[in-house]
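Chemist: Here it is: the structure, laid out below.
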Amino acid sequence: MKRILALFLVVVALSSPAQAKLKIQQITSPGGINAWLVEEHSIPFTSLEIRFDGGTALDDPGKRGSVYMMAGLLEEGAGELDATAFRNRRDALAASFSFDAGADSVAVSAKFLTENRDQALDLLGMAINKPRFDQTAIERVRAQILSIIAADKKSPRKIASDAFYRMAFGTHPYGSSGTGTEKTVTALTRDDIVKAWKDSMSLDHVYVAAVGDITPEELGKALDKLLGGLPKKGKALPAPAKVALTGGVSVIKFPAPQSVAVFGHAGISRDDPDFFAAFVMNRIFGSGDFTSRLTREVREKRGLTYGVYTWLAHYRHADLMMGSVSSANESIAKALRVIRDEWKKMATGKVTGEELDAAKRYLTGAYPLRFDGNARIASILVGMQLDGMPVSYIDTRNDRINAVTLQDVERVAKRLMKPDDLRIVVVGQPVGLKATD
Amino acid sequence: MRRLITILSLFLFLVPLQALAAGNVTTFTLKNGMQAVVIEDHRAPVVMHMVWYRVGSADEQPGKSGIAHLLEHLMFKGTKRFGPGKFSAIVAANGGSENAFTNYDTTAYFQRVASDRLGMVMEMEADRMRGLVLTDNDVKTERDVVLEERAMRVDNNPGALFTEQRRAAQYLNHHYGIPIIGWRQEVEKLTREDALAFYRKFYAPNNAILIVAGDVYPDEVRKLAEEYYGPIAPTPDLGPRNRPGEPPQLAERRLRFSDPRISQPYVIRTYLAPERNPGDQRQAAALTLLAELLGGSGLNSVLGQKLQLEQKVALNTSAFYDGVSLDKTTFGLLVVPAKGVSLGDAEKAMDKAVAQFLKEGVDRKKLASLKNQIRASQIYGRDSLSGLARKYGDALTAGLAVKDVQEWPDILQSITPQEIIDAAHKVFDRRRAVTGWVMKQDSEAVK
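Just so you know, the sequences run in chain order A and B.
Residue numbers for the first sequence follow my numbering, beginning at 6 and rising by one.
Residue numbers for the second sequence follow my numbering, beginning at 1033 and rising by one.
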């Protein structure tokens, strides 16, 4: 079987998987709004992705949850339509809209048919430009959010990550959940919601990608209608967040048979010259693939977990190297011991040529396969803009991965992987695990 | 699933209800009985390759719950030709992704790769249809992984624990009442012999369906399928899937479940309901529309309008029905009460709203709008290769034919208001229902 594997690799080396034939147009609307467009006329609909830089990080002090609630209210009535009339109209058009607020951006995702595109865009434009924020809708959405907050307090995973972020970022918005707390959400007023809307949805923060049955001219016209009425300038983006994590183990008692752990320390920026080396290193170390070291050691060899992962977390204003694992209360200590040992081993920077090769082959081969489906492509393209990447990134990205050497991985691993700095937060009833604080 | 088991969501919403126009779908059957469906989509050079077996957790022997799912995990342990980890390593080295999942009626394996790698994944998938090699240690370690998976999905999640109890009460005899992942005490005792016996019995070309979706042409798929799957001998004595059926259900069941980890109480009721059957899908279509009308599109549904908007007694409402099932399925209603509203009052409000709906009949404008959305969802549905492939795989392993999948959208469009009301009257019989109160603390609970 060694021979067969080798044969496949030879084949692969000779012909890398076919490249996607993606034609991205950068357009500017008559009103000056920029967008990336891929025309795809084979299915009569369009996927549209809009992002506003900032997100819940723009919440005013004491108003945590205002941007999140605002996003939840955008489909609760606009212009002359109350919540029910708005939904009836959307359903009659068979359009799909979704509004969400994340740590760093507000997201508007839409799908609409070609046959009634203008009406669908009119309706979406109303939601974005003329949301009503009716008091009855505010109370309804507030009750739903309070119920989410209550549920989060009973979710071991959420308890762990909330505690981890609190330790990492303190009073910076990243240090608390964007949904807000029971106290802040209860106190939010309509004025707070209106301010959150003006702060977080403005033309200086907007990015757009569209994929589907629409021409550049049609998209340009649509953009002015959709976004033209928004404030030119929104609230300034927050200051960079300092990662305040210290090494150690925190245990939060929770009555559950399985413990959940979230762990990590400071990470590496996407702009760092060694970013691609770190990206390749993480594939080898903790990607969750069956070839990754952590999955091999913790799951495949020892059966201690269903899933163990690490990832490079990139926020607009901070970077982390994070991971998670869950294991029975009786075995979590052992799982974490194995992870810590692997972390130490990775910190020496030693990986084999085979590991590096396999990681590069996967990452470069999988990349073109991601550009599959209008909705997927639109979401990748808007994400690239949010991360400040040019269109040409798509063509150079694989070369930069292929350029990563064993020395690059060693250098970045030594710099990035700090076993003594690891902060581990465990939620459950772990046996044989001592908290250090 | 190896990474994600299929857990039916309580909050089903409008999903693409059909695949492509028949013109893009081609079917053929190999001489050894392996059925194949090819769905063409040439937008991107990607292909989804899936093999679905007509066996799921509901086909397990009593006392061996979880063996279908454990075997699915073990299928990644290697063969004589492709040793431990090799299959995954080769797929990854080609930029592909792969996984598998187990459901009540099916077990499926899939890889998503560049379309010029189709032959490569077929070769390996065909090899493990008969060639699996297992050691006792593989089984022991993977059983621990599955128990951790169970802890994560179920034991650490009171809502999932209750779903197990509810389904066990819903099905008096059918194995749909047993969790896909298995009861813990039975999973703990599963052995290598159990896994291999299940494997030898059910993994055969004449018990499998090949689904290939993406940038491929039917002729080329057929050639590759004949080359790789064609030589595998069928299993001659595969009988029909006769599984324990339900006796008449004559007694209403009511459950009270409490767990301190429940933050939000809710009331849920499921009724035993007919499923989609070959050539006979009208009743299931009526129930599909009924679920959408009662609790589909959030606030615009009957329950949303009455309980959330008008009476303000609910925080959330839902109605759900999935007709793709080999045997009898369920129709469900769910109400999450608003603060200060008791579960008893929430249940009463739910029953009253449904009774009123049955009396007043279907709002024709709402039905027209819903049918238009269903038509649109066929268009949106064409965007997702894996969604299309799964639609066919789910249907075919639940006893439906390609023709049934293709007729389904037209049947939905043709359903009359009266058929919806008739279907509702037939299904809403409390003697065939389980009603559950899920709460943090039960004042009446006996310690």
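Note that beta-carbon positions come from the ideal geometry of N, C-alpha and C, so glycine has one too.
These numbers come from a predicted model, not from an experiment.
Would you kindly work out how many angstroms separate the C-alpha atoms of residue 238(A) and residue 212(A), rounded to a whole number?
Modeler: Take the alpha-carbon of residue 238(A) and the one of residue 212(A): they are about 14 Å apart.
Chemist: Can you find a C-beta in chain C that's less than 7 Å from the C-beta of residue 1411(B)?
Modeler: The structure shown contains no chain C; its protein chains are A and B.
Chemist: Secondary structure at residue 1029(B), three-state DSSP: helix, strand or coil?
Modeler: With chain B represented from 1033 up to 1479, any question about residue 1029(B) goes unanswered, as that position is not in the structure.
Chemist: Does the count of Cβ pairs from the stretch 1147-1155 of chain B and the stretch 1429-1447 of chain B closer than 8 Å reach three?
Modeler: no
Chemist: Should residue 1173(B) be flagged as near chain A, meaning a C-beta pair shorter than 7 Å?
Modeler: yes
Chemist: Give the interface partners of residue 156(A) over in chain B, defined as CB-CB distance under 8 Å, in chain order.
Modeler: The contacting residues are 1295 and 1296.
Chemist: Tell me, which residues are paired with residue 86(A) by DSSP?
Modeler: 83(A)
Chemist: For residue 1105(B), is the classification buried or exposed, using 16 other Cβ atoms within 10 angstroms of its Cβ as the cut-off for buried?
Modeler: buried
Chemist: Enumerate in chain order the residues of its own chain whose CB-to-CB distance from residue 134(A) is below 6 Å, with the five nearest sequence positions on each side excluded.
Modeler: 234
Chemist: From the DSSP output, in three-state form, read off residue 429(A) for me.
Modeler: Of the three classes helix, strand and coil, the one that applies to residue 429(A) here is strand, per DSSP.
Chemist: When the cut-off is 7 Å and only beta carbons count, does residue 1450(B) lie next to chain A?
Modeler: no
Chemist: Residue 1336(B) and residue 1320(B) - do their beta-carbons sit closer together than 7 Å?
Modeler: no
Chemist: Just to confirm before moving on: does the CB-CB distance between residue 228(A) and residue 34(A) stay below 7 Å?
Modeler: yes
Chemist: At what residue ranges does the stretch 85-131 of chain A contain a whole run of the beta strand (DSSP E), taking only runs of 3 or more?
Modeler: 101-106 and 110-118
Chemist: Got a sec, what are the start and stop residues for the alpha helix (DSSP H) residue 73(A) sits in?
Modeler: 71-78
Chemist: Taking the CB atoms as reference points, tell me whether residue 242(A) and residue 59(A) lie closer together than 7 Å.
Modeler: yes
Chemist: Give me the subset of the stretch 1053-1086 of chain B whose CB atoms are less than 7 Å from a CB atom of chain A, sorted by chain position.
Modeler: 1075, 1076, 1077 and 1078
Chemist: Specify, as a first and last residue, the run of the beta strand (DSSP E) that residue 1302(B) falls within.
Modeler: 1298-1305
Chemist: Whole angstroms is fine: what's the gap from residue 56(A)'s alpha carbon to residue 376(A)'s?
Modeler: Computed Cα separation, rounded: 19 Å.
Chemist: Determine the direct distance from the alpha carbon of residue 1309(B) to that of residue 141(A), and round the result to whole angstroms.
Modeler: Using only the alpha carbons, I get a separation of about 44 Å.
Chemist: Distance cutoff 7 Å, beta carbons only. Does residue 226(A) sit that close to anything in chain B?
Modeler: Not closer than 7 Å to any Cβ of chain B, the Cβ of residue 226(A) fails to qualify, so no.
Chemist: Residue 1453(B) and residue 1366(B) - do their beta-carbons sit closer together than 7 Å?
Modeler: no
Chemist: Please report how far the alpha carbon of residue 164(A) lies from the alpha carbon of residue 432(A), in whole angstroms.
Modeler: 7 Å
Chemist: Measuring only between beta-carbons, confirm whether residue 1177(B) sits less than 7 Å from chain A.
Modeler: yes
Chemist: Between 1226(B), 1263(B) and 1474(B), which lies nearest to residue 1376(B) when the distance is taken from Cα to Cα?
Modeler: 1474(B)
Chemist: Return the residue from the list 49(A), 417(A) and 41(A) that minimises the CA-CA distance to residue 277(A).
Modeler: 417(A)
Chemist: Which residues share a DSSP beta bridge with residue 270(A)?
Modeler: 326(A)
Chemist: Is the beta carbon of residue 191(A) sitting closer than 7 Å to the one on residue 154(A)?
Modeler: no
Chemist: Among 166(A), 131(A) and 186(A), whose alpha-carbon lies nearest the alpha-carbon of residue 66(A)?
Modeler: 186(A)
Chemist: For residue 436(A), count neighbouring C-beta atoms within 10 Å of its own C-beta (all shown protein chains included) and say buried if the count is 16 or more, exposed if not.
Modeler: exposed
Chemist: Please classify residue 305(A): does DSSP put it in a helix, a strand, or coil?
Modeler: helix
Chemist: By Cβ distance below 7 Å, which residues in the same chain neighbour residue 1205(B) in space, the five residues on each side in sequence not counted?
Modeler: Result list for residue 1205(B): 1276, 1277, 1278 and 1279, in chain order.
Chemist: Can you give me the C-alpha to C-alpha distance between residue 199(A) and residue 147(A), rounded to a whole angstrom?
Modeler: 15 Å
Chemist: Quick one: which chain B residues come within Cβ less than 8 Å of residue 302(A)?
Modeler: Result: empty, since nearest Cβ-Cβ is about 12 Å, beyond 8 Å.
Chemist: Going by the beta-carbon positions, is the gap between residue 3(A) and residue 310(A) smaller than 7 Å?
Modeler: Because chain A is modelled from 6 through 442, residue 3(A) falls outside the range shown and cannot be assessed.
Chemist: Are the Cβ atoms of residue 120(A) and residue 383(A) separated by less than 7 Å?
Modeler: No, they are not a contact pair.
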